[in-house]
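**Student:**
Residue numbers (my numbering), protein chains in the order written: chain A, 1 to 433; chain B, 1001 to 1721.
(1) How many angstroms separate the CA atom of residue 1191 (chain B) from the CA atom of residue 296 (chain A)?
(2) State the Cα-Cα distance for the pair residue 393 (chain A) and residue 1651 (chain B), rounded to the nearest angstrom.
(3) Note down the Cα distance separating residue 434 (chain A) from residue 1345 (chain B), rounded to an integer number of angstroms.
(4) Output needed in chain order: residues of the stretch 328-340 of chain A with a Cβ under 7 Å from some Cβ in chain B.
(5) Helix, strand or coil for residue 355 (chain A), going by three-state DSSP, please let me know.
(6) Flag this pair as yes or no: are the beta carbons of residue 1244 (chain B) and residue 1198 (chain B) separated by less than 8 Å?
(7) Specify, as a first and last residue, the run of the alpha helix (DSSP H) that residue 314 (chain A) falls within.
(8) To which residues of the same chain is residue 1336 (chain B) closer than 8 Å at the C-beta, ignoring the five residues directly before and after it?
(9) Name the chain B residues whose beta carbon is nearer than 7 Å to that of residue 28 (chain A)?
(10) Residues of chain B with a CB under 8 Å from the CB of residue 385 (chain A): which are they?
(11) Any C-beta of chain B within less than 7 Å: which residues of the stretch 340-354 of chain A qualify?
(12) Taking buried to mean at least 16 other C-beta atoms within 10 Å of its own C-beta, is residue 1261 (chain B) buried or exposed?
(13) In whole angstroms, what is the alpha-carbon distance linking residue 1139 (chain B) and residue 1187 (chain B)?
(14) To which residues does DSSP link residue 1529 (chain B) through a beta bridge?
(15) When you compare only the Cα positions, how much space is there between residue 1314 (chain B) and residue 1575 (chain B)?
(16) Identify the contact partners of residue 1605 (chain B) in chain A, using a Cβ-Cβ distance below 7 Å as the criterion.
(17) Contact criterion: CB-CB distance below 8 Å. Does residue 396 (chain A) meet it with respect to chain B?
(18) Please classify residue 269 (chain A): does DSSP put it in a helix, a strand, or coil?
(19) Return the bridge partner residues of residue 1619 (chain B) from the DSSP annotation.
(20) Whole angstroms are fine: how far does the CA of residue 1393 (chain B) sit from the CA of residue 1440 (chain B)?
(21) Apart from the five residues on each side of it in sequence, which residues of its chain come closer than 6 Å, Cβ to Cβ, to residue 1566 (chain B)?
(22) Contact criterion: CB-CB distance below 8 Å. Does residue 35 (chain A) meet it with respect to chain B?
(23) Hey, does residue 517 (chain A) have any beta-carbon neighbour from chain B nearer than 8 Å?
(24) By a C-beta neighbour count over all protein chains shown, 10 Å radius and 16 as the cutoff for buried, is residue 1422 (chain B) buried or exposed?
(25) By DSSP, does residue 61 (chain A) sit in helix, in strand, or in coil?
(26) For the stretch 265-275 of chain A against the stretch 138-153 of chain A, are there 3 or more C-beta pairs whose distance is under 8 Å?
(27) Across which residues does DSSP place residue 380 (chain A) in a beta bridge pair?
(28) Pick out whichever of A:290, A:350, A:249 has its Cα sitting closest to the Cα of residue 260 (chain A).
(29) Could you say if the stretch 1574-1589 of chain B and the stretch 1522-1537 of chain B meet the contact criterion of at least three C-beta pairs nearer than 8 Å?
(30) Tell me whether residue 1316 (chain B) sits in a helix, a strand or coil according to DSSP, three-state version.
(31) Just by C-beta distance, which residues in the stretch 1583-1603 of chain B are closer than 9 Å to chain C?
(32) Could you name the residues of chain A that residue 1372 (chain B) contacts, counting a contact when the two beta carbons are closer than 8 Å?
(33) Between residue 63 (chain A) and residue 93 (chain A), how many whole angstroms is the CB-CB distance? I'm expecting something under 8 Å.
(34) Have a look at B:1066, B:1428, B:1637 and flag the residue whose alpha-carbon is nearest the alpha-carbon of residue 1722 (chain B).
(35) Can you tell me whether residue 235 (chain A) is buried or exposed? The criterion is at least 16 other CB atoms within 10 Å of its CB, across all chains shown.
(36) Checking 8 Å against the spacing of the C-beta atoms, do residue 28 (chain A) and residue 402 (chain A) come in under that value?
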């Protein structure tokens, strides 16, 4: 890394100035100080707003406005301070700057000396760690799979993103395919907006409005409906709930209108709510059925889901508590991985995930929460598809090696200095004489 | 069990005839304790003192004399096994933490009417509670930090902070039960509503809730063996109709169990709740069942009986034994045998000390044989555990660190003298002995649990203290300027003091079971240990920074620039050490998280705290390399590093959010804020030093011949500190 001088600020030296700036200790310090600050503020913010909101605001952002009142109780006389917005760089910007600073200052421009080899390796390890963080952020797909004993699954569900599904039904009332409106197209519907969706395969257009992040449909006959705002549809209104701190607990709802393309016949309007989804893995989500142009359809809110290239069957779920207390001692799943007809029995435990074909299955939790002893229980796996899964481990090994070399050399240098000084002293004295 | 009506005050126990011999040997041994133990006791007393300096005092109790338990009785009893908190442990541990929970101390101090002061240990107190409940009800064991809490339940308050006996609180028992239920509901609403302030308990409400829970737990303990007392000293007697009290004197529960039909607990409850019986026989049977249910439900919680089936892990209390005998006829002979054992023990308790001692010994031997016979290794390290607590290793460690500090302070009176030199060696010796006690205690804890040194927050305190002292001794060996010794004594005294204080505050088993995710010795040994070494280095760096700043501002060794240069270099080394361990520990934690939770980094508060330590050490090291931070700046930031370490170590656990819920604690903000205020004041010392240095430098530049190039570190407009 280098230091800037006044000459660097001459216009003709702009490229040099930029290189100097991006490789400077000054930038490293500023970035590190701001990273410490946003880490602190993002931690405190979680207390009132939850982890997901904190991540979005502080760590997955370029810039942000922080208010001191967030997570930090202030005495009444100082509450005004809490309302002052403090503009700050976000996590994206800081990590980008840090990566550039490390790459230019600590790898490219640094003087390659024998003494600096340890630091060179350690900084390289850190860059690798930052890159792995970026790859994880950009390409990791995470969800969960919940199975009862004997159940087989090959699809992963998202924790917090919901989509609207239209199912054309055959005469037996079954669906061969589903058309979906993705979460992003739903959550971006603003208040008062009516967004239209068209599909060539469907005899109707879909108009979506009144998107609510977390709401409960209540019958207008219920006294609580007095608190509900918005339109009444089919004898129901949406009672808006405060968004939960835990983003996965929010259950969105919309008003959907199915408008026949032919112009003949009446439009069908309904409230579709994530609350209709059945959260027990044994049952699918409840759907709203309707008929247009003599054909039957169903619509429902379901969690976004995607396939894995193999199936997993839960053979046995083992759940143990420490004797006499409710604290879980162990939970593990005996599963069979099924791929192209071949079956392989495996175990997934806490701290011992199953890694296969780019996917990792972790023992995450179990349910139902109200299960009594002897009741059937399901096992829930967190499923990740992260290309950078093991990169942090490699970066740790690199960084540790670099730091050990560097600090080892420094320590050796420090401890041998008195001996060197002592050895040099007589010669010095002789020279003086 | 909440009581619907205030029970009548129990008659004062008749203890004019002492049933137990008074072990004078115990008193003699108390007199011959070594001096450092007295010092330790003084410090310990400070550690367990309440707010506003109110210290527990000898409280007079309304009985003439306190017959102390013979040593062989307490020694036998302490080694017995009980299952609690998911593990089998010695009764000594159980009694110690139970009493701490009620009293904030592991002993009961009181004065009997004969003027004798008594200092009953927890095991003796538990013996009293189980076998002499009337006496135990008069012991002052319930600590109340604010008398407003007892006023609220209609009990006459004593001092602002004081200890009350069960009988002191009895007049307000029904109000206490009512308020406890109300505040427990409110607390539940607070938790369910994601901490809506509307439901937050205020300080007094919190105290009443804790008091109510403690009194209820105490009642369960007192009534454990109630069925064997022939209707005497029934703790929950107020819920019994008069005819049942009479029946309790005549009816033998063991004989009754033998004759009862096989029935489930639900069937028993239905029978008890059935409408009035048509004839006398039926009415009598119903009363008997009510009484049986009363004794069985009162006798739950103290699980000392290993189940006969080897594959069953859950031990039983006498209440569980009674209900098991009721439910399964084939288990009835076993249940009756256990009940008879308890009866024999309670009966022996009413006779002389030797009889009771022999009965207890037999009971304990049978009990151990039964546990051993299961072949599950339950309680196989209980002797070691008793030794750990009886050895008072951590208290001794504190005492030696205090002694080291005192010697060090005395050595400052004659710096450079031979006397001072000898004292300095004394300080080294005391620190080494204190460290030995600390390491020995930690090692025993590892052996007892078969775990690495750190599995919970309490472990971190003793481990970080030991590591800090060891690092300080190494620093002293390398630099020999005396600062390592000073820092070692400060770290040792503060750390061990904190461990005692924290143990008393939490009052729960510090060797409890682990949640499933922590059940991995590999990650506990690597990530957890390494990151805590990083914490220790961070704290040490902060103390070194404080020594530097306070030393310079106070003019200590004025003019001795070499001293401060060495000190600064020492701190630089410690910061590098801190970075290495914090960084490696943090990344290891990420890798563990990637194995258990499926992601390397999740911005969880505990992860963020560790990251902040790494970031701040990097700020210091890059600031130093860039020339932005010199000696003063480095040391000011080292103190700030200490603030960040304490936030990461304690603060994030107090936030109550995140995946590291197994480490949550509360009630530490006040102490953290105080420590941060002190750190802020120390950091402020850097400002005048920096201004003075800048002025000196300016003066030198002005005095230097013109044309000399001005030094310009890092392109910063301001001069670095």
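For every residue, glycine included, the Cβ atom is placed at its ideal position computed from N, Cα and C. These numbers were taken from a predicted model, which means no experiment stands behind them.
**Tutor:** Reading off the structure:
(1) Your numbering for residue 1191 (chain B) matches position 191 in the second chain. Your numbering for residue 296 (chain A) matches position 296 in the first chain. If I take the Cα positions, the gap works out to 46 Å.
(2) As a first step, residue 393 (chain A) is located in the first chain; it is residue number 393 there, counting from the start. As a first step, residue 1651 (chain B) is located in the second chain; it is residue number 651 there, counting from the start. Roughly 28 Å separates the two Cα atoms.
(3) For residue 434 (chain A) there is no data in the structure shown, the boundaries of chain A being 1 and 433.
(4) 328, 329, 330, 331
(5) Mapped onto the first chain, residue 355 (chain A) falls at position 355. Correct three-state label for residue 355 (chain A): strand.
(6) Here residue 1244 (chain B) refers to the residue found at position 244 when the second chain is read from its first residue. Here residue 1198 (chain B) refers to the residue found at position 198 when the second chain is read from its first residue. No.
(7) The count along the first chain starts at 1 and reaches residue 314 (chain A) at position 314. That residue, residue 314 (chain A), is in no alpha helix (DSSP H); its beta strand (DSSP E) goes 295-321.
(8) Position 336 of the second chain, counted from the first residue, corresponds to residue 1336 (chain B). These residues qualify, in order along the chain: 1254, 1257, 1258, 1325.
(9) Translated into positions along the first chain, residue 28 (chain A) becomes position 28. What residue 28 (chain A) touches in chain B: 1622.
(10) Locating residue 385 (chain A) in the first chain gives position 385, where the first residue counts as 1. Near residue 385 (chain A) there are no residues of chain B at all, since even the closest Cβ is about 11 Å away, more than 8 Å.
(11) 350, 351, 353
(12) Here residue 1261 (chain B) refers to the residue found at position 261 of the second chain. It is exposed - the Cβ of residue 1261 (chain B) has fewer than 16 other Cβ atoms within 10 Å.
(13) Taking the second chain and counting its residues from 1, the one referred to as residue 1139 (chain B) is at position 139. Taking the second chain and counting its residues from 1, the one referred to as residue 1187 (chain B) is at position 187. Computed Cα separation, rounded: 30 Å.
(14) Position 529 of the second chain, counting from 1, holds the residue named residue 1529 (chain B). For residue 1529 (chain B), which the question treats as bridged, DSSP gives no partner whatsoever.
(15) The sequence position of residue 1314 (chain B) within the second chain is 314, counting from 1. The sequence position of residue 1575 (chain B) within the second chain is 575, counting from 1. If I take the Cα positions, the gap works out to 49 Å.
(16) Taking the second chain and counting its residues from 1, the one referred to as residue 1605 (chain B) is at position 605. Result: 43, 46.
(17) If you number the first chain from 1, residue 396 (chain A) lands on position 396. Cβ-Cβ to chain B under 8 Å: yes for residue 396 (chain A).
(18) Mapped onto the first chain, residue 269 (chain A) falls at position 269. It is a strand residue.
(19) As a position in the second chain, residue 1619 (chain B) is number 619, starting the count at 1. BP columns for residue 1619 (chain B) are empty, so no partner.
(20) Here the question's residue 1440 (chain B) lines up with position 440 in the second chain. Here the question's residue 1393 (chain B) lines up with position 393 in the second chain. Each residue's Cα considered, the two are about 7 Å apart.
(21) On the second chain, residue 1566 (chain B) is found 566 positions in, with the first residue counted as 1. Once the five neighbours on either side are set aside, the close Cβ partners of residue 1566 (chain B) are 1479, 1481.
(22) Here residue 35 (chain A) is taken as the residue at index 35 of the first chain, counted from 1. It does: the Cβ of residue 35 (chain A) has a partner Cβ on chain B nearer than 8 Å.
(23) The requested residue 517 (chain A) is not part of the displayed model; chain A covers only 1 to 433.
(24) Within the second chain, numbered from 1, the residue matching residue 1422 (chain B) stands at position 422. Result: exposed.
(25) Position 61 of the first chain holds residue 61 (chain A). Three-state result, residue 61 (chain A): coil.
(26) no
(27) Within the first chain, the letter at position 380 stands for residue 380 (chain A). Residue 380 (chain A) pairs with A:146, A:365.
(28) As a first step, residue 260 (chain A) is located in the first chain; it is residue number 260 there, counting from the start. Here the closest residue by C-alpha is A:290.
(29) yes
(30) Here residue 1316 (chain B) corresponds to residue number 316 of the second chain, with the count starting at 1. In this structure, residue 1316 (chain B) counts as strand in the three-state DSSP scheme.
(31) Included in the structure are the protein chains A and B, with no chain C among them.
(32) The residue given as residue 1372 (chain B) occupies position 372 in the second chain. Residues of chain A passing the Cβ test: none, with the nearest at roughly 18 Å.
(33) As a working note, residue 63 (chain A) is residue 63 in the first chain. As a working note, residue 93 (chain A) is residue 93 in the first chain. Confirmed, Cβ separation roughly 7 Å.
(34) No information on residue 1722 (chain B) is available, as it lies outside the stretch 1001 to 1721 that chain B covers here.
(35) Walking along the first chain from the start, residue 235 (chain A) turns up at place 235. So residue 235 (chain A) counts as exposed.
(36) To locate residue 28 (chain A), count along the first chain from 1; it is residue 28. To locate residue 402 (chain A), count along the first chain from 1; it is residue 402. No. Outside cutoff.
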